[in-house]
Every structure is written in C-alpha cells, then in structure tokens.
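K.L.:
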Amino acid sequence: MEKMYPYEIINILRKGESNAHIAKISMEIEELQKQFADTDYKTTKNLQYEKMGLELPYDWNEIYTAAEAIRAQIREKEAEMNNLLALKGE
83 MEKMYPYEII NILRKGESNA HIAKISMEIE ELQKQFADTD YKTTKNLQYE KMGLELPYDW
143 NEIYTAAEAI RAQIREKEAE MNNLLALKGE
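The opening residue of the sequence shown carries number 83 in my numbering; numbering runs sequentially from there.
(1) Would you identify the three-state DSSP class for Leu138, choosing helix, strand or coil?
(2) Taking the alpha carbon of Tyr123 as the point to measure from, which residue in Glu110, Ile107, Asp141 has its own alpha carbon closest?
(3) Whose C-beta lies closer than 6 Å to the C-beta of Thr121 among residues of the same chain, with five residues either side of it excluded?
(4) What's the gap between the Cα of Gln131 and the Cα of Met163?
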C-alpha cells in the first residue's frame with residue numbers, strides 16, 4: 083500500500099478516476115482490518131494460555147506493535163478516503 087500525497091489525489095480527480103481509487107482504498111482498508119483481526123485472535127489466544135498457566139504462543143510486544151502499526155495505516159487510509167470524498171464533493 084502506497085501513501086498518496088495531496089497533489090496525487092487532485093490529479094486522480096482531474097483524470098476522473100476517483101471512483102476506482104476510492105474502491106481501491108476501501109479494499110486496502112478491508113485488508114488492513116483483516117490483519118488487525120489477526121492481532122485480536124493472537125490476543126485472545128494469549129489470554130487463554132495465561133488463564134491455563136501455559137507458555138504464551140505469541141509475544142505481547144509483537145502483538146501490540148503490529149496492532150499499532152495496522153491502526154496507523156487504517157487511520158491514514160481513512161483520512162485519504164475522506165479527503166478524496168471531500169474534494170469530490172460527496
């Protein structure tokens with residue numbers, strides 16, 4: 083997933099490719115949300131293992147770091163989509 087700069091978004095609008103670009107961003111957000119769900123799964127597994135007194139299958143720091151990175155990417159993509167929609171007038 084590549085970061086878009088404001089001038090690139092404006093160029094997309096000028097070319098009339100905004101709907102395709104909005105769809106692409108939406109798909110990227112969905113993919114990131116799936117990745118985020120994986121961190122939820124790992125958190126749940128760790129909590130189950132903790133309750134049973136077993137060794138944790140996943141490192142808490144890795145889960146947290148991955149989740150934070152994904153959250154940041156989701157926020158960035160959502161902001162990009164909101165800006166595109168605002169420029170488009172929707």
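Glycine residues also receive a C-beta, built at the ideal position from the N, C-alpha and C atoms.
As the structure is a computational prediction, the values presented were derived from the model and not from experiment.
P.N.:
On the basis of the supplied data:
(1) If DSSP states are grouped into helix, strand and coil, Leu138 belongs with coil.
(2) If we check each option's Cα against that of Tyr123, Asp141 comes out closest.
(3) Only Ile145, Ala148, Ala149 meet the Cβ criterion.
(4) Strictly speaking, residue 131 in this sequence is Tyr, with Gln absent from that position. Going from the Cα of Tyr131 to the Cα of Met163 covers about 39 Å.
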